[in-house]
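Colleague:
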Amino acid sequence: MSQTLTVKIHDREPPKLVFPNRCLGCGNPKAAESNLLIKKLVTDERTNEQDVVTLKYAVPHCERCARSTKAVFLAGLIPWALGFLAVGGAAFAFVAWGAFRRGFDTVGQLHNNNSLVLGAAAGLFAGLVGGLVAEVVGRVLLVPFLGSALLRAPLLSLSLLADGDWVAGLRARPNRDMTALALTFASDDAAREFLAANAGLLRES
Ligand SMILES: [Zn+2]
Numbered sequence: 004m005s006q007t008l009t010v011k012i013h014d015r016e017p018p019k020l021v022f023p024n025r026c027l028g029c030g031n032p033k034a035a036e037s038n039l040l041i042k043k044l045v046t047d048e049r050t051n052e053q054d055v056v057t058l059k060y061a062v063p064h065c066e067r068c069a070r071s072t073k074a075v076f077l078a079g080l081i082p083w084a085l086g087f088l089a090v091g092g093a094a095f096a097f098v099a100w101g102a103f104r105r106g107f108d109t110v111g112q113l114h115n116n117n118s119l120v121l122g123a124a125a126g127l128f129a130g131l132v133g134g135l136v137a138e139v140v141g142r143v144l145l146v147p148f149l150g151s152a153l154l155r156a157p158l159l160s161l162s163l164l165a166d167g168d169w170v171a172g173l174r175a176r177p178n179r180d181m182t183a184l185a186l187t188f189a190s191d192d193a194a195r196e197f198l199a200a201n202a203g204l205l206r207e208s
């Protein structure tokens, strides 16, 4: 059973979290660390200024879970990047060339780049879809080699859209205005220890 705890974030400062001193993935003694990295663009409602808020934590792992975390990350990133470039690139070329041929660049001022702008928008959208599809296909193909850790991890494409992150045994998702961070522990014991060590920072959820 997994358990979700919500940590409060004050003034966009990373809360000082204390993790249990053993692997969050399997409970074995700590022998390594994996980075949990959350970056989110937040708009200040009073000043309308945008700011990137970064939270970074070293999560205790055993060697095996640290390696598996890296493997799962690469198994998501590489197919995603290939799908993004292939599908996004094709859509960019197709739309930009099509718009150029239809004379979009002669609309309005002289020497504008309407076809490139249209192509880039189409390429970005198609690339995100292509990346997601490639990641799903890549994951299905890689499960026999990388094992069930791959099935438990959220898709990188969706994690990125939600500005969250995952390491073996722990998933993190910030809320919309970055005032709270939801941490989902795969192990109830790890969640209980975390709760005891960080009680003052938690929010009722
Ligand atoms: Zn482990």
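Position 103 of the sequence shown, counting from 1, maps to 106 under the working numbering, and the rest follow consecutively. Just so you know, even glycine gets a beta-carbon here, dropped at the ideal spot from N, CA and C.
How far does the beta strand (DSSP E) with serine 37 in it extend, from its first residue to its last?
Modeller: Unbroken beta strand (DSSP E) run through serine 37: 35 to 46.
Colleague: Are there 16 or more other CB atoms within 10 angstroms of the CB of glutamate 138, so buried, or fewer, so exposed?
Modeller: That one is buried.
Colleague: What ranges does the beta strand (DSSP E) occupy inside the region 16 to 100, keeping only unbroken runs of at least 3 residues that lie completely in it?
Modeller: Taking only runs of at least 3 residues, the beta strand (DSSP E) segments lying wholly in the region 16 to 100 are 35 to 46, 53 to 64.
Colleague: Around ligand 1, which residues pass a check of Cβ closer than 6 Å to any of its heavy atoms?
Modeller: With the cut-off at 6 Å, the residues found are Cys26, Gly28, Cys29, Asn31, His64, Cys65, Arg67, Cys68.
Colleague: Please classify aspartate 168: does DSSP put it in a helix, a strand, or coil?
Modeller: It is a strand residue.
Colleague: Per DSSP, what kind of secondary structure is alanine 156 in: helix, strand or coil?
Modeller: Reduced to three states, the DSSP call for alanine 156 is coil.
Colleague: Can you list, in chain order, the residues of its chain whose CB lies under 7 Å from that of alanine 35, leaving out five sequence neighbours each side?
Modeller: These residues qualify, in order along the chain: His64, Cys65, Glu66, Ala69.
Colleague: In the DSSP output, what is proline 177 paired with across the bridge?
Modeller: Answer is Leu184, bridged to proline 177.
Colleague: Does DSSP put arginine 195 in a helix, in a strand, or in coil?
Modeller: Correct three-state label for arginine 195: helix.
Colleague: Across the region 195 to 205 and the region 32 to 46, are there enough close Cβ pairs to call them in contact, namely three or more that are closer than 8 Å?
Modeller: Contact between the region 195 to 205 and the region 32 to 46 is absent, because fewer than three Cβ pairs lie under 8 Å.
Colleague: Helix or strand or just coil, what does DSSP make of arginine 206?
Modeller: If DSSP states are grouped into helix, strand and coil, arginine 206 belongs with the strands.
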